[in-house]
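See structure below.
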Amino acid sequence: MKLPIYISANSTKNSITTMLVSGVALIIFILYLKLKSSPFNTIDIFILLACCIGILIGYVKTLEPAYSIKLDEHDMSYQHRFGTWQLAYNNIRRLGIPRVHRQGEYVALSYVGINIINYQSFLQQLHPRLAVKLLMEQKNLIQTALVSECPDGTCPSELIFDDENYTTSCGHQYSGLIAMFANRMTRLKSLLGYDLYIPTTALDREEMKFIQLITEIRDANRV
Numbered sequence: 002m003k004l005p006i007y008i009s010a011n012s013t014k015n016s017i018t019t020m021l022v023s024g025v026a027l028i029i030f031i032l033y034l035k036l037k038s039s040p041f042n043t044i045d046i047f048i049l050l051a052c053c054i055g056i057l058i059g060y061v062k063t064l065e066p067a068y069s070i071k072l073d074e075h076d077m078s079y080q081h082r083f084g085t086w087q088l089a090y091n092n093i094r095r096l097g098i099p100r101v102h103r104q105g106e107y108v109a110l111s112y113v114g115i116n117i118i119n120y121q122s123f124l125q126q127l128h129p130r131l132a133v134k135l136l137m138e139q140k141n142l143i144q145t146a147l148v149s150e151c152p153d154g155t156c157p158s159e160l161i162f163d164d165e166n167y168t169t170s171c172g173h174q175y176s177g178l179i180a181m182f183a184n185r186m187t188r189l190k191s192l193l194g195y196d197l198y199i200p201t202t203a204l205d206r207e208e209m210k211f212i213q214l215i216t217e218i219r220d221a222n223r224v
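Counting from 1, position 56 in the sequence shown corresponds to residue 57 in my numbering; the numbering is continuous, with no gaps.
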């Protein structure tokens, strides 16, 4: 298997196409408006707005990293617009798809979960800027996981954002945003069984195929 392997989100791949198609459609429609004899109406405004929104969405997507995940021989890295986290394969206990119990059955969530062994080696390379962004992006995830404790859908803020200092198993203490993220990992692990979560929107393949790929690279590296 040739490494590194770069995984790009499908939405990012289509960003240029979305922007170009919307731009061409806008130009054509503006020419049509100049040639038509009927007055400007609500439908025309709607079409113009749709074209502009398409261009904006495409442009925003181009600001995302060229790839979302990089798989090397010894570790994987998750690329985010606000930073990058790295995780060695030998620090992964298991991977899977998190599930929640809902109305008598288990429902899969749109994430790949990673259960890690050592928090210290992960936290020491996590930038606070990325930590705060991930905390916000995971708000819906933690609320979904806390459904048994928050049946009305409104959870106390201390359950979602725990700002207590965090001490790793080796005695290193963290405070601030890194501590908040460590506390979030701990709570999600107790609720769903995993510490880190990669949204399926960051993948270019099915969740189980992604998990299998990482497992194959990790197992090959052990030989």
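Just so it is clear, CB atoms sit at the ideal spot from N, CA and C, and this is done for glycine as well.
Judged by DSSP in its simplified three-state form, residue 76 adopts strand.
Rounded to whole angstroms, the Cβ separation of residue 181 and residue 197 is 15 Å, and the two are not in contact under 8 Å.
A distance below 6 Å between beta-carbons, with the five flanking residues on each side excluded, links residue 192 to the following residues of its chain, in chain order: 146. DSSP places residue 56 in the helix class (H, G or I) of the three-state scheme. One alpha carbon belongs to residue 141, the other to residue 101, and they sit about 13 Å apart. In the structure shown, residue 197 falls within a strand segment according to DSSP collapsed to helix, strand and coil. When rounded, the separation of the alpha-carbon atoms in residue 73 and residue 67 is 16 Å.
Minimum Cα-Cα distance from residue 112 among the listed residues 4, 35, 205, 128 corresponds to 205.
Rounded to the nearest whole angstrom, the C-alpha separation of residue 24 and residue 64 is 17 Å. Straight across, the Cα-Cα distance linking residue 70 with residue 125 is about 20 Å. C-alpha of residue 18 to C-alpha of residue 58: approximately 11 Å in a straight line. When DSSP states are grouped into helix, strand and coil, residue 208 belongs to the helix group. Contiguous beta strand (DSSP E) elements confined to the segment 99–123 occur at 100–103, 106–109, 112–117, taking only those with 3 or more residues. The shortest C-alpha to C-alpha distance from residue 221 to any of 130, 82, 90 is the one to 90. Counting the other Cβ atoms within 10 Å of the Cβ of residue 174 gives fewer than 16, which makes it exposed. Boundaries of the beta strand (DSSP E) around residue 85: 84–89. Here the segment 113–120 lies against the segment 91–98, with 3 or more beta-carbon pairs under 8 Å apart.
By the C-beta density criterion, residue 7 is exposed, having fewer than 16 other C-beta atoms within 10 angstroms.
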